[in-house]
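Sequence positions in the sequence shown follow mature numbering (1 follows the signal peptide of the UniProt record, and there is no 0) and run -22 to -1, 1 to 478.
Just so it is clear, CB atoms sit at the ideal spot from N, CA and C, and this is done for glycine as well.
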Amino acid sequence: MNSVKKFLLAATIMVSASSALAADLRIGLQDDADILDPHRARTFVGRIVFTSLCDKLFDINEKLEIQPQLAKEWTWSEDGKTLTVKLRGDGKFHDGSTIDATAVKANLERAKSLPESLRKSEVASIDTVEVIDATTLAIHLVKPDASLLSQLADRAGMVLSPKAFESGDFGQNPVCSGPYKFVERIQNDRIVLEKFADYWDAAGFAYDKITFIPISDSTVRLANLRSGDLDIIERIAPSDVETVKGDSGLAFYPVTGTGYQALTFNLKKGDKDSFPIAYDKRIRQAFELSIDRNVINDVVGQGIFQPAYQPFPPTSFAYDKKFESRQREVAKAKALLAEAGHERVKLEIAFGNNTASQQVYELIQAMSAEAGFDISLRPTEFAALQSALKEGSFEAGQSGWSGRADPDGNIHSFVSCKGNLNDAHYCNEKVDALLEEARSLTDPVKRKALYDQVQEIIQDDLPIVYLYYQPWPFAARANVKGFTAYPDGMIRLRGVSSEG
């Protein structure tokens, strides 16, 4: 569907929606979400939907500090191997059943054992979950895990109705625990939620209905916002920032994110002859040396795509500036290719078919060609891209991550041998041992020393090439009040309302 048709379709949906309910909120997303099951989902926009649909045990604030949500209180045992959680007593699922310790236990066990769960590596430290009473549970760990609260403040800690996930395909009809409940989904068109009257904090949420509209073209997304057919949009194009700032009918909400955009190589693709870049790190090193991240920032990012060379943002204690000293060196890249026995290397890059990604990968295509890489580009519908990455049906693929409060969340699932988001199929026993040790410690200095060792290895092996830190520039209609941009890029609607 071309941009004009998409615009007209989106406008038609918005007009009918706005006439139906005055207290509606319409949110424009860059991509369509994947499956609406937190234990099986992997997309950033899916997390935005889940923020309104599924409560978690914990949440974070603007400073990335852990906050209570369904967990009212929590304590750690002296040895750090048992987390005791006291739940709210007034939580309900959208099917009317009570959220109790038994339901939370079922959720944690599902995240850990469901064959398709992408949360397994996030909760791998959990050994058993013990129900103490209706509102109290003890989470017993195999060993201390400093990252666990951060993981339980995201999809691994989302609490779904056990009745729903035991009786059918939860992803098609999700029954969750958040301020809004599921109404309908039309793939690549819209996801509709309505207010859950029995939510424990229902008074804090002003809107009767939330409609999420995926529009990959940033120009069309902004046009819908300016016309009033959308109320909030995420990831406005860098080139549109000044337009938004200059429009009195709009408000601009920038925030520095905790995540990144990167390129992942499929190290299990083909063989040494048909796909040499997967089997010779010198070729991957040459590719990285062909890229100038500052050019990406200047040309596409308009100064807001801060170059990244590692998975940890500058705000993280695990960040180390020494890993950001590399520059583009075309001659050295050519020398590495020659050393590996190649003059030119072919590579296909799959990426989400949105405006910014198209521009970024066209630049990478042009830059790498000078060093000896013949890049073909495969723009892909976003959910299809996620499936390709999961299934391994790609050569190199765009891999974005919205980031986590704890550094473990930015690296473990992606490079550990059994990591559930290890699309590269990278495996290094030394890396695994270091990451596991870092999880078991609470001292940031000691943990950073271990992450530095991990980085020394993966910066040499290069299963992933980090490109830039992901900013989250939001824009909203000026009449939307109380909106706050969070570093994790989520849209939290408590206290948000529309005037007029």
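Quick one: what's Ala49 bridged to in DSSP?
Leu65
When burial is assigned at 16 or more other CB atoms within 10 Å of the CB, is Ala256 buried or exposed?
buried
Do the CB positions of Asp466 and Arg417 come within less than 7 Å of each other?
no
Counting only the same chain and skipping the five closest in sequence on each side, list residues whose C-beta sits under 8 Å from that of Glu321.
Leu315 and Gly350
Hey, Asp15 and Gly156: beta-carbon distance below 7 Å or not?
no
Return the chain-ordered ranges of every beta strand (DSSP E) run that is complete within the stretch 230 to 315 and spans a minimum of 3 residues.
234 to 243
Contacts around Ser217, its chain only, beta-carbon distance under 7 Å, and the 5 residues preceding and following it disregarded:
Gln280
CB-CB under 7 Å to Asp421, same chain, minus the five flanking residues each way: which ones, in chain order?
none
Mind checking which residues open and close the beta strand (DSSP E) that includes Glu108?
Ile104 to Asp111
Distance between Phe28 and Leu48 (C-alpha atoms, nearest Å):
15 Å
Does DSSP put Gln448 in a helix, in a strand, or in coil?
strand
Hey, quick one: how far does the alpha helix (DSSP H) through Leu126 stretch, first residue to last?
Leu126 to Gln129
Going by the CB atoms, is the gap between Phe22 and Ser380 shorter than 7 Å?
yes
Nearest-angstrom Cα separation, counted from Leu119 out to Asp57
10 Å
Separation of Ala131 from Asp2, as counted between CA atoms:
27 Å
So what's Pro441 in DSSP terms, helix, strand or just coil?
coil
Given Thr333, which residues of its chain have a CB within under 8 Å of its CB, disregarding the five upstream and five downstream residues?
Ser194, Asp195, Ser196, Thr197 and Ala215
Helix, strand or coil for Ile435? Go by DSSP, reduced to three states.
helix
Please report the Cβ distance between Ala463 and Pro232, rounded to the nearest whole angstrom; I am assuming they are in contact, meaning their Cβ atoms lie under 8 Å.
7 Å
Just curious, the beta strand (DSSP E) that Ala374 is in, first and last residue?
Ala374 to Trp379
Looking at the structure shown, is Pro357 part of a helix, part of a strand, or coil, going by DSSP?
strand
Taking all protein chains shown into account, decide if Phe36 is buried (16 or more other Cβ within 10 angstroms of its Cβ) or exposed.
buried
Applying the 10 Å Cβ sphere with the 16-neighbour rule, what's the burial state of Pro93?
exposed
Does the Cβ-Cβ distance between Ala101 and Lys90 come in under 7 Å?
Ala is not the amino acid found at residue 101; the sequence shown has Val there. A contact, by the Cβ cut-off of 7 Å.
Alpha carbon to alpha carbon, what distance is there between Arg133 and Asn398?
13 Å
Leaving out five residues before and five after Phe(-16) in sequence, what residues of the same chain have Cβ atoms less than 6 Å from its Cβ?
With a pLDDT of only 47 at Phe(-16), under 50, the local geometry of the prediction cannot be trusted, and no value is derived from it.
Where do the N-terminal and C-terminal ends of the beta strand (DSSP E) with Glu87 fall, by residue?
Per DSSP, Glu87 belongs to no beta strand (DSSP E); it is in the alpha helix (DSSP H), Ala79 to Ser91.
Which of helix, strand or coil DSSP assigns to Pro192:
strand
Quick check on DSSP: helix, strand or coil for Ser476?
strand
By the DSSP assignment, the alpha helix (DSSP H) with Lys159 in it spans what residues?
Per DSSP, Lys159 belongs to no alpha helix (DSSP H); it is in the beta strand (DSSP E), Tyr158 to Ile164.
From the DSSP secondary-structure annotation, give me the bridge partner or partners of Thr60.
His118
Between the CA atoms of Ile282 and Phe230 - distance to the nearest angstrom
14 Å
Roughly how many angstroms separate the alpha carbons of Ala142 and Asn151, rounded to a whole number?
8 Å
Exposed or buried, Leu(-2), counting other C-beta atoms within 10 Å across all chains shown (16 or more means buried)?
Legend: pLDDT at Leu(-2) = 41, less than 50; position of this residue unreliable, value from coordinates given subsequently. Under this definition Leu(-2) is an exposed residue.
Opening and closing residue of the beta strand (DSSP E) in which Arg4 lies
Asp2 to Leu7
Closest by C-alpha distance to Asp410, when choosing among Gly478, Gln288, Ser99 and Glu326:
Ser99
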